[in-house]
Amino acid sequence: MTPLIPHSITEMNRLRDRAYAEAQALRSEAIGEFWRGANHLRLSAMGQAERAARRLAARLTRRDPAHQCAESAEALP
């Protein structure tokens, strides 16, 4: 009579433990990749927002003569 289980219990436990360890390693790698990607997107968005803010400030400075007068008045001794 052939056994229904092709491996011994010890071998099955070893295979299960190895599968759990591989799954944990893959999970940790995936989480790390996710956060690296999220940080890259965050830094990229921050750079774009900073550039947009600088451009807006420069544009407002060019368009608002009252702002220019206030800056020149502050520069006076």
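Residue numbers (the working numbering): 1 to 77.
Beta carbons: idealized from backbone N, C-alpha and C, even for Gly.
Predicted model, so just to flag it, every value in this text is computed and none were measured.
Just the C-alpha distance for A53 and E22, rounded to the nearest angstrom, thanks. On the sequence shown, position 53 is the one that residue 53 refers to. On the sequence shown, position 22 is the one that residue 22 refers to. Whole-angstrom Cα-Cα distance: 46 Å.
Quick check: what's the CA-CA separation for G32 versus N13? Here the question's residue 32 lines up with position 32 in the sequence shown. Here the question's residue 13 lines up with position 13 in the sequence shown. Computed Cα separation, rounded: 29 Å.
Quick one: what does DSSP say M1 is sitting in, helix, strand or coil? Looking up residue 1 in the sequence shown gives position 1. Unreliable placement is indicated for M1, whose pLDDT of 46 sits below 50; no coordinate value is reported for it.
For L15, which residues of its own chain have a beta-carbon under 8 Å away from its beta-carbon, when the five flanking residues on both sides are left out? By 1-based counting over the sequence shown, the position of residue 15 is 15. Hits under 8 Å: H7.
Quick check on H40: does DSSP put it in helix, strand or coil? Taking the sequence shown and counting its residues from 1, the one referred to as residue 40 is at position 40. In the structure shown, H40 sits in a helix (DSSP, three-state: H, G or I).
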